[in-house]
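Quick mapping for you: the protein sequence lines, in order, are chains A and B.
Residue 84 in the UniProt record's numbering sits at position 84 of the first sequence, with consecutive numbering throughout.
Residue 468 in the UniProt record's numbering sits at position 468 of the second sequence, with consecutive numbering throughout.
Positions of the beta carbon are idealized from the N, C-alpha and C atoms, including for glycine.
Quantities reported herein were computed from a predicted structural model and do not represent experimental measurements.
First up is the structure itself, then whatever we jot down about it.
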Amino acid sequence: MSNTDIEIVVEDPTAPEADSPEMASVRVVDVVVSLLLLALALTLGFDNWRTGAGWESTGPQPGYFPFYLSIILGGASLYGLVAAFLSRREASESFVTQAQLRRVLAVFVPTVLFCLATQFLGLYVASFLLISCFMCLVGKIAWWKSLLTAFVFTAAMFVTFDIAFDVIMPKGPLEAALGR
Amino acid sequence: MEALGLLMHGFAVLLTWKTLLLMMTGLVLGIFVGVLPGLGGPNGVAILLPLTFTMDPTSAIVMLSCIYWGALFGGAITSILFNIPGEAWSVATTFDGYPMAQQGRAAEALTAAFTSSFIGSLVAVMLITFLAPMISSFALRFGPPEFFAVYLLTFCSFVGLGREAKHKTVISMSLGLLLAGIGMDTVSGQLRMTFGSAELLRGVNFLVAVIGLFGISEILLTMEERLALRGHAAAISLRVVLSVWKDLPKYWVTLFRSSFIGCWLGITPGGAIAASFMGYNLAKRFSKDQDSFGKGRIEGVFAPETAAHASGTAALLPMLALGIPGSGTAAILLGGLMVWGLNPGPLLFVEHKDFVWGLIASMYLGNVVGLVLVLTTVPIFASVLRVPFAAVAPMIVVSCAIGAYAIQNAMFDIWLMLGFGVVGYVFKKIGIPLAPFTLALVLGNRAEDAFRLSMIGAGGDLKVFWSNGLVGSITTLAIVLLFWPVIDKAFGSVTRMVRPAKA
């Protein structure tokens with residue numbers, strides 16, 4: 001028919017190995033999440049009970065709905081807790097392997113650092129740092145390509161949001177020095 | 001035929017160079033988002049939402065809905081050329097689409113996919129055009145009790161009809177409703193669940209949660225996968241397009257059946273995913289030559305794509321007519337409406353005629369423009385996948401942060417987004433569905449207000465929810481749906497007990 005024989009091939013050199021050891025099973029995570037939700041339900045339930053969870057002549061008090069919702073949430077997570085303990089099937093499933101976790105953290109840690117940097121340096125400087133460092137260090141892309149991409153992207157964002165659309169982003173010392 | 005006149009007016013609103021340009025931009029961005037791994041309809045719309053904050057509502061919704069159409073089209077490209085479904089609802093498209101590409105018929109498969117998406121959306125848009133005004137004028141008679149009953153119906157049908165484990169749906173929904181309640185109580189003005197924090201006073205913003213849940217978590221999930229891919233490149237020539245279109249009438253039964261399934265599942269919270277599989281399976285079951293499915297049969301592309309798009313579009317019907325979103329993306333669009341100061345619900349058709357009919361007209365126009373755009377630019381978008389993920393991932397993170405901050409100009413929201421990212425990642429991996437959470441978060445306050453207003457009106461008497469035929473039947477239906485699995489099981493065992501007795 002048409003020229004469909006041209007292939008697109010993209011390699012992924014840092015892909016997680018398939019035989020990497022398991023870090024946590026679905027069952028363990030299920031239990032932990034259920035416990036956390038239960039704790040949350042208890043906290044919120046108590047707070048709402050303090051606000052007033054009764055029924056007045058004109059209907060429910062402000063805390064009424066959230067109070068009973070916390071009870072529903074607590075009940076459902078308790079059920080989940082029991083179900084996770086009893087289930088045989090989910091025990092064998094892996095939640096995350098070591099190699100997968102390494103890759104996930106390779107994105108997550110820079111993202112946290114980016115949020116921190118945004119707080120102190122402003123969003124534009126932080127995004128320049130994030131993109132250039134991530135491409136260069138995690139993606140193993142040539143440093144000049146990384147810097148160029150980061151600069152073009154950040155500049156484009158600045159022009160779009162700050163100049164064209166007037167959406168104000170957190171700014172830091174650099175923008176102050178440049179008088180924006 | 002008042003609808004037609006208003007629709008024409010809608011087209012007149014749209015046909016300016018500025019709107020058409022916005023439309024093209026939205027479609028291109030949408031296809032881009034649909035093609036990239038780890039992003040899709042809801043994420044794309046959520047991330048790009050802040051771009052529209054400074055526009056007028058009509059331009060904004062036109063651009064956003066075009067992003068949505070674009071993402072729907074984009075999902076088909078990767079499933080056919082790379083055997084990677086960009087979206088869950090494109091999974092069924094890979095069954096026959098990828099074998100076709102392997103046989104060198106990629107152009108044919110892509111044309112089939114785009115054309116059937118177009119047909120599916122068109123059917124659904126026509127349904128919206130004629131049904132939405134009727135439903136909304138009917139809903140104008142609704143008071144708070146009726147509205148609460150409809151909200152209750154939505155929540156209950158999620159729990160009763162969802163495919164996930166019931167307690168996980170309940171967890172997701174109650175968590176969403178609880179988070180929606182944080183902040184100032186709108187009826188009494190009292191503070192709830194803020195724990196003395198000034199940041200929590202504003203409440204948890206729906207869009208911030210969505211950006212974290214869908215954007216950030218999706219990047220984390222994508223990184224776990226092996227990102228290497230091999231695929232076919234394809235250019236579509238006019239000759240192929242015409243030959244596929246010439247054969248279209250042969251498949252009218254499949255197209256019609258899939259459109260119907262899609263519309264039905266789109267309005268009820270079944271979703272595009274279920275629709276695409278059902279469309280595919282039914283096409284296979286009714287075919288004379290069942291074995292040829294899965295080996296590159298063009299009908300196997302038509303059926304799921306038509307159903308997925310019909311359902312994705314039909315999901316906007318309850319959002320426009322009643323203010324209840326039928327899908328995750330519709331929920332985000334609903335969140336957008338509130339940001340622009342529009343109150344979703346039946347009054348929208350009365351108070352903001354220009355806006356509603358502009359939106360409906362943009363669905364027609366966006367689909368036509370989108371079809372032409374994808375047919376001509378497939379090679380460019382297929383090569384987008386060559387861009388390494390290491391370059392794409394940080395850019396997505398930055399866009400997410402910009403989006404989260406822009407909504408309320410709060411640094412706290414960026415941290416909240418990060419938190420929701422982790423929550424979304426964990427929830428998706430242990431099978432807690434995110435759709436009920438999103439829905440509960442966006443509808444929570446409205447549902448509670450409706451309940452309490454009806455209580456104030458009725459002097460705290462719960463019987464108000466059965467005070468007339470309409471509200472009574474909706475409430476009863478909601479409760480039946482909530483316990484549907486139990487009722488279904490009971491019916492099953494009763495018939496089983498009866499049948500052997502007969503035999």
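For B/Arg452, a Cβ of chain A is located within less than 7 angstroms of the residue's own Cβ. Counting only the Cα atoms, B/Thr438 lies some 16 angstroms from B/Glu448. A distance of 7 angstroms or more separates the beta carbons of A/Pro21 and A/Gln100. Here A/Ala39 is exposed. Its C-beta has fewer than 16 other C-beta atoms within 10 Å.
Rounded to the nearest whole angstrom, the CA to CA distance from B/Glu299 to B/Lys284 is 9 angstroms. Within chain A, Cys115 have C-beta atoms less than 7 angstroms from the C-beta of B/Trp415, given in sequence order. For A/Gly63 and A/Asn48, the gap between their C-alpha atoms comes out near 5 angstroms. No Cβ-Cβ contact shorter than 7 angstroms links B/Ser258 with B/Ala314. DSSP, reduced to helix, strand and coil, places A/Glu56 within a strand of the structure shown. Exclusion of the five residues before and after A/Leu147 leaves Ser132 as the residues of its chain whose Cβ lies within less than 6 angstroms of its Cβ. In the structure shown, the three-state DSSP call for A/Ala150 is helix. For B/Arg163, the secondary structure class from DSSP, reduced to helix, strand or coil, is coil.
Among the residues of chain A, none has a CB under 8 angstroms from the CB of B/Gly424; the nearest is roughly 12 angstroms distant. Listed along chain B, no residue sits closer than 9 angstroms to A/Glu22 by beta-carbon distance, the nearest being about 13 angstroms off.
Between B/Leu477 and B/Gly160, the C-beta gap is not smaller than 7 angstroms, which leaves the two residues out of contact. With 16 or more neighbouring CB atoms inside 10 Å of its own CB, B/Lys429 falls in the buried class. Three or more beta-carbon pairs separated by less than 8 angstroms link the region 445–459 of chain B to the region 142–155 of chain B, which places the two stretches in contact. At least one beta carbon of chain A lies nearer than 7 angstroms to the beta carbon of B/Arg192. Each residue's CA atom was taken as its position, placing B/Ile216 and B/Val422 some 8 angstroms apart. B/Val442 places its beta carbon less than 7 angstroms from that of B/Leu334. With fewer than 16 other Cβ atoms from the protein chains shown falling within 10 Å of its own Cβ, B/Gln190 counts as exposed. Cβ-Cβ separation between B/Leu49 and B/Gly341: approximately 15 angstroms, too far for a contact (criterion under 8 angstroms). Secondary structure within the region 11–79 of chain B: the alpha helix (DSSP H) runs of 4 or more consecutive residues, fully enclosed, are 17–35 and 41–48 (chain order). Looking from the CA of B/Leu320, the closest CA among B/Val471, B/Ala132 and B/Ser327 belongs to B/Ala132. Neighbours of A/Phe153 in chain B, taken as residues whose beta carbon is under 7 angstroms from its own, are Met395 in chain order. Chain B has no Cβ within less than 7 angstroms of the Cβ of A/Ile163. For A/Gly139, at least one C-beta of chain B is nearer than 7 angstroms to its own C-beta. Here B/Asn205 is near B/Ile407, since their CB atoms are less than 7 angstroms apart. The region 151–171 of chain A and the region 119–126 of chain A touch, with no fewer than 3 CB-CB distances between them shorter than 8 angstroms. Secondary structure of B/Leu191 (DSSP, three-state): strand. For the region 374–403 of chain B, the set of residues with a beta-carbon nearer than 7 angstroms to any beta-carbon of chain A comprises Ala382, Ser383, Leu385, Arg386, Pro388, Ala390, Ala391, Ala393, Pro394, Met395, Val397, Val398, Ala401 and Ile402, in chain order. Contact of B/Val372 with chain A is not assigned, every C-beta pair being separated by 7 angstroms or more. Contact between B/Leu7 and B/Trp466 does not hold, since their C-beta atoms are separated by about 39 angstroms, which reaches or exceeds 8 angstroms. Membership of A/Val96 in the beta strand (DSSP E) is indicated by the continuous run Ser94 to Thr97. With 16 or more neighbouring CB atoms inside 10 Å of its own CB, B/Asn43 falls in the buried class. Interface annotation, B/Met278: not in contact with chain A, CB-CB separation never under 7 angstroms.
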